[in-house]
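Novice:
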Amino acid sequence: QGVARPAAEVAEAVLVLDGAGREREARDLLGAFVRVRTPREAAELAGTGGTRLLPLLLAAAREVSVEREWDLVHALRVAGVPGV
């Protein structure tokens, strides 16, 4: 249900969960987002979540598959997200 929300809301929820020490829930939400949404949409999520979100997002994509991680990295580069 959470992954159907706009990227900015998902980013905010992940950061709140992570900041509250609920890393597993944050990781689960990002994993679901990466599975359901396109790499481009995941790149948008990184753009709205700041620098704290990028490593979490890349780790979530890596947990899904190596291919998904590479697709996300490409989308991040195309979107001009710094730090990739």
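Read in our numbering, the sequence shown has 265 at position 53, and its numbers run on one by one without any break. Beta carbons: idealized from backbone N, C-alpha and C, even for Gly. None of these values were measured; they are calculated from a predicted model.
#1: Would you check if the distance between the CB atom of Val276 and the CB atom of Gly231 is smaller than 8 Å?
#2: So which of Val246, Gly214 and Gly259 has the shortest CA-CA distance to Val290?
#3: Mapping the DSSP letters down to three states, classify Pro267 as helix, strand or coil.
#4: Check whether the Cβ atoms of Ala255 and Val293 sit closer than 8 Å, and answer yes or no.
#5: What three-state label does DSSP hand Val215 in the structure shown?
Specialist: Put simply:
#1: No; because the gap between Cβ atoms is not below 8 Å, this pair is not in contact.
#2: It is Gly259 whose Cα lies nearest to the Cα of Val290.
#3: Here Pro267 carries a helix assignment [DSSP, helix/strand/coil].
#4: Closer than 8 Å, so yes.
#5: Judged by DSSP in its simplified three-state form, Val215 adopts helix.
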